[in-house]
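Comments concern the structure below.
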Amino acid sequence: MAPEAFRRRDREPEFDTKCDIWSLGITAIEMAEGKTPYADQELVSDLIINNDSPRLISRTWSQTFVSFLESCLEKDPSRRWSVEELLQHPFIAELPPTKTIRAEIEEHLRAVQNRPAKQGLRAVRWAREQLRRAREQLRRAREQLRRAREQLRGAREQLRQAMEHLRPCWAMEHLRPCWTMEHLRRAFCAIETSPEQKEAQQMALEGFACV
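All letters in the sequence shown, in the order written, are residues 1 to 211 by full-length UniProt numbering.
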(Lines of atoms letter the chains of each structure in order from A and count residues from 1; the text may use other names and numbers.)
(Lines give C-alpha, C1' and ligand atoms only; values in the text may rest on other atoms or scores of the structure.)
Protein backbone atom coordinates (compact mmCIF):
# COMPACT_ATOMS: atom_id res chain seq x y z
CA MET A 1 0.00 0.00 0.00
CA ALA A 2 1.08 3.54 -0.68
CA PRO A 3 2.04 5.73 2.31
CA GLU A 4 -1.00 7.97 1.87
CA ALA A 5 -3.33 4.94 2.00
CA PHE A 6 -2.62 4.39 5.70
CA ARG A 7 -4.75 6.17 8.27
CA ARG A 8 -2.78 8.66 10.36
CA ARG A 9 -3.59 11.05 13.15
CA ASP A 10 -3.27 14.18 11.07
CA ARG A 11 -5.31 13.06 8.04
CA GLU A 12 -7.58 10.45 6.54
CA PRO A 13 -6.28 7.84 4.06
CA GLU A 14 -6.31 8.72 0.37
CA PHE A 15 -7.08 6.32 -2.47
CA ASP A 16 -6.62 7.25 -6.13
CA THR A 17 -4.62 6.23 -9.19
CA LYS A 18 -1.41 7.39 -7.52
CA CYS A 19 -1.82 4.46 -5.09
CA ASP A 20 -1.90 2.14 -8.09
CA ILE A 21 1.32 3.69 -9.39
CA TRP A 22 2.99 2.91 -6.05
CA SER A 23 1.71 -0.69 -6.26
CA LEU A 24 3.17 -0.93 -9.77
CA GLY A 25 6.60 -0.02 -8.43
CA ILE A 26 6.34 -2.54 -5.59
CA THR A 27 5.26 -5.25 -8.04
CA ALA A 28 8.21 -4.44 -10.31
CA ILE A 29 10.62 -4.89 -7.37
CA GLU A 30 8.96 -8.20 -6.48
CA MET A 31 9.30 -9.46 -10.06
CA ALA A 32 12.94 -8.36 -10.21
CA GLU A 33 14.13 -9.69 -6.85
CA GLY A 34 11.65 -12.45 -6.04
CA LYS A 35 10.13 -10.87 -2.93
CA THR A 36 8.43 -7.68 -1.86
CA PRO A 37 10.21 -4.98 0.15
CA TYR A 38 9.97 -5.52 3.93
CA ALA A 39 8.80 -9.11 3.32
CA ASP A 40 10.69 -10.41 6.38
CA GLN A 41 9.90 -7.54 8.73
CA GLU A 42 7.08 -6.58 11.08
CA LEU A 43 5.12 -3.32 11.35
CA VAL A 44 5.38 -2.82 7.60
CA SER A 45 2.98 0.13 7.69
CA ASP A 46 5.33 2.06 10.00
CA LEU A 47 8.28 1.29 7.73
CA ILE A 48 6.42 2.49 4.64
CA ILE A 49 5.32 5.72 6.34
CA ASN A 50 8.56 6.60 8.15
CA ASN A 51 11.34 5.09 6.02
CA ASP A 52 12.62 6.16 2.64
CA SER A 53 11.01 4.67 -0.44
CA PRO A 54 11.88 1.00 -1.15
CA ARG A 55 14.85 0.43 -3.44
CA LEU A 56 16.35 -2.48 -5.37
CA ILE A 57 18.89 -4.46 -3.36
CA SER A 58 21.04 -5.52 -6.31
CA ARG A 59 23.09 -2.89 -8.15
CA THR A 60 23.08 -4.82 -11.43
CA TRP A 61 19.86 -3.32 -12.78
CA SER A 62 19.91 -0.68 -15.50
CA GLN A 63 19.72 2.97 -14.55
CA THR A 64 16.60 3.26 -16.70
CA PHE A 65 14.82 0.64 -14.58
CA VAL A 66 16.01 2.26 -11.35
CA SER A 67 14.72 5.63 -12.56
CA PHE A 68 11.36 4.11 -13.46
CA LEU A 69 11.00 2.67 -9.95
CA GLU A 70 11.92 5.98 -8.36
CA SER A 71 9.18 7.65 -10.39
CA CYS A 72 6.65 5.06 -9.18
CA LEU A 73 7.75 5.03 -5.53
CA GLU A 74 7.88 8.74 -4.78
CA LYS A 75 6.40 9.04 -1.26
CA ASP A 76 4.77 12.40 -1.98
CA PRO A 77 1.72 11.63 -4.17
CA SER A 78 1.85 15.07 -5.76
CA ARG A 79 5.36 14.35 -7.05
CA ARG A 80 4.70 10.74 -8.02
CA TRP A 81 4.43 10.27 -11.77
CA SER A 82 1.03 9.78 -13.37
CA VAL A 83 0.11 7.05 -15.84
CA GLU A 84 0.55 9.44 -18.77
CA GLU A 85 4.00 10.45 -17.58
CA LEU A 86 5.12 6.86 -17.01
CA LEU A 87 4.12 5.94 -20.56
CA GLN A 88 6.66 8.50 -21.73
CA HIS A 89 9.42 7.18 -19.47
CA PRO A 90 12.33 5.63 -21.43
CA PHE A 91 11.84 2.31 -19.63
CA ILE A 92 8.41 2.04 -21.30
CA ALA A 93 8.75 4.24 -24.38
CA GLU A 94 11.94 2.56 -25.62
CA LEU A 95 10.73 -1.02 -25.31
CA PRO A 96 11.23 -3.18 -28.42
CA PRO A 97 8.16 -4.38 -30.35
CA THR A 98 5.86 -6.85 -28.60
CA LYS A 99 6.81 -9.56 -31.09
CA THR A 100 10.48 -9.25 -30.14
CA ILE A 101 9.71 -9.35 -26.41
CA ARG A 102 7.53 -12.45 -26.84
CA ALA A 103 10.29 -14.24 -28.75
CA GLU A 104 12.82 -13.43 -26.03
CA ILE A 105 10.48 -14.75 -23.33
CA GLU A 106 9.85 -17.98 -25.24
CA GLU A 107 13.58 -18.50 -25.75
CA HIS A 108 14.22 -17.95 -22.05
CA LEU A 109 11.49 -20.43 -21.07
CA ARG A 110 12.92 -23.09 -23.38
CA ALA A 111 16.36 -22.61 -21.86
CA VAL A 112 14.95 -22.99 -18.35
CA GLN A 113 12.99 -26.13 -19.25
CA ASN A 114 16.01 -27.78 -20.89
CA ARG A 115 18.34 -26.90 -18.05
CA PRO A 116 19.35 -30.00 -16.00
CA ALA A 117 18.33 -30.06 -12.39
CA LYS A 118 20.90 -28.43 -10.20
CA GLN A 119 22.60 -30.38 -7.43
CA GLY A 120 21.40 -27.81 -4.92
CA LEU A 121 17.78 -28.39 -5.88
CA ARG A 122 18.21 -32.14 -5.47
CA ALA A 123 19.72 -31.59 -2.05
CA VAL A 124 16.77 -29.43 -1.02
CA ARG A 125 14.29 -32.07 -2.14
CA TRP A 126 16.24 -34.78 -0.29
CA ALA A 127 16.32 -32.66 2.87
CA ARG A 128 12.57 -32.03 2.67
CA GLU A 129 11.90 -35.75 2.32
CA GLN A 130 14.11 -36.52 5.31
CA LEU A 131 12.28 -33.88 7.31
CA ARG A 132 8.93 -35.37 6.34
CA ARG A 133 10.04 -38.85 7.43
CA ALA A 134 11.43 -37.52 10.71
CA ARG A 135 8.14 -35.78 11.46
CA GLU A 136 6.24 -38.99 10.73
CA GLN A 137 8.53 -40.96 13.06
CA LEU A 138 8.06 -38.34 15.75
CA ARG A 139 4.29 -38.54 15.35
CA ARG A 140 4.38 -42.33 15.75
CA ALA A 141 6.67 -42.09 18.78
CA ARG A 142 4.31 -39.62 20.43
CA GLU A 143 1.37 -41.94 19.77
CA GLN A 144 3.24 -44.88 21.33
CA LEU A 145 4.15 -42.75 24.32
CA ARG A 146 0.52 -41.70 24.72
CA ARG A 147 -0.62 -45.33 24.71
CA ALA A 148 2.10 -46.31 27.19
CA ARG A 149 1.01 -43.52 29.53
CA GLU A 150 -2.60 -44.68 29.32
CA GLN A 151 -1.55 -48.25 30.15
CA LEU A 152 0.59 -47.04 33.03
CA ARG A 153 -2.30 -44.93 34.31
CA GLY A 154 -4.57 -47.99 34.21
CA ALA A 155 -1.98 -50.14 36.00
CA ARG A 156 -1.59 -47.58 38.76
CA GLU A 157 -5.36 -47.45 39.18
CA GLN A 158 -5.42 -51.25 39.54
CA LEU A 159 -2.64 -51.02 42.10
CA ARG A 160 -4.63 -48.44 44.04
CA GLN A 161 -7.68 -50.72 44.02
CA ALA A 162 -5.58 -53.68 45.18
CA MET A 163 -4.17 -51.63 48.04
CA GLU A 164 -7.71 -50.60 49.01
CA HIS A 165 -8.56 -54.30 49.40
CA LEU A 166 -5.49 -54.80 51.61
CA ARG A 167 -6.14 -51.76 53.80
CA PRO A 168 -8.13 -53.71 56.49
CA CYS A 169 -5.13 -55.96 57.06
CA TRP A 170 -2.85 -53.01 57.69
CA ALA A 171 -4.90 -52.01 60.72
CA MET A 172 -3.96 -55.29 62.36
CA GLU A 173 -0.46 -54.84 63.70
CA HIS A 174 0.19 -58.58 64.00
CA LEU A 175 -0.52 -59.04 60.26
CA ARG A 176 1.57 -56.08 59.07
CA PRO A 177 4.84 -58.09 58.73
CA CYS A 178 3.15 -60.67 56.51
CA TRP A 179 2.49 -58.30 53.61
CA THR A 180 5.77 -58.19 51.78
CA MET A 181 6.37 -56.79 48.31
CA GLU A 182 6.03 -60.29 46.91
CA HIS A 183 2.56 -60.63 48.45
CA LEU A 184 1.55 -57.33 46.90
CA ARG A 185 2.84 -58.46 43.53
CA ARG A 186 0.89 -61.70 43.73
CA ALA A 187 -2.33 -59.97 44.78
CA PHE A 188 -1.99 -57.30 42.16
CA CYS A 189 -0.95 -59.54 39.30
CA ALA A 190 -3.76 -61.99 40.03
CA ILE A 191 -6.10 -59.56 38.32
CA GLU A 192 -6.74 -60.59 34.71
CA THR A 193 -5.00 -58.15 32.39
CA SER A 194 -3.65 -58.03 28.86
CA PRO A 195 0.10 -58.49 28.17
CA GLU A 196 0.47 -54.75 27.66
CA GLN A 197 -1.21 -54.03 30.99
CA LYS A 198 1.01 -56.64 32.68
CA GLU A 199 4.05 -54.74 31.45
CA ALA A 200 2.60 -51.48 32.72
CA GLN A 201 1.86 -53.13 36.08
CA GLN A 202 5.50 -54.01 36.50
CA MET A 203 6.41 -50.38 35.78
CA ALA A 204 3.90 -49.21 38.38
CA LEU A 205 5.25 -51.62 41.03
CA GLU A 206 8.88 -50.74 40.37
CA GLY A 207 10.47 -49.41 43.56
CA PHE A 208 7.34 -49.97 45.72
CA ALA A 209 8.39 -50.26 49.38
CA CYS A 210 7.61 -53.42 51.40
CA VAL A 211 4.77 -53.11 53.91
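Ideal Cβ positions, reconstructed from N, Cα and C, are used throughout, including at glycine.
It is roughly 41 Å from the alpha-carbon of residue 136 to the alpha-carbon of residue 28. Under the criterion of beta carbons closer than 8 Å, residue 33 and residue 56 qualify as touching, at roughly 7 Å. The segment 70-80 makes contact with the segment 44-60: 3 or more CB pairs, one atom from each, lie closer than 8 Å. The DSSP-derived three-state label of residue 34 is coil.
Secondary structure note for residue 89: it is in no alpha helix (DSSP H), with a DSSP letter that is neither H nor E. Linking residue 6 to residue 24 through their CA atoms gives a straight-line distance of about 17 Å. In the DSSP assignment, residue 111 falls within the alpha helix (DSSP H) that extends over 98-114. The Cβ-Cβ distance between residue 54 and residue 26 falls below 8 Å.
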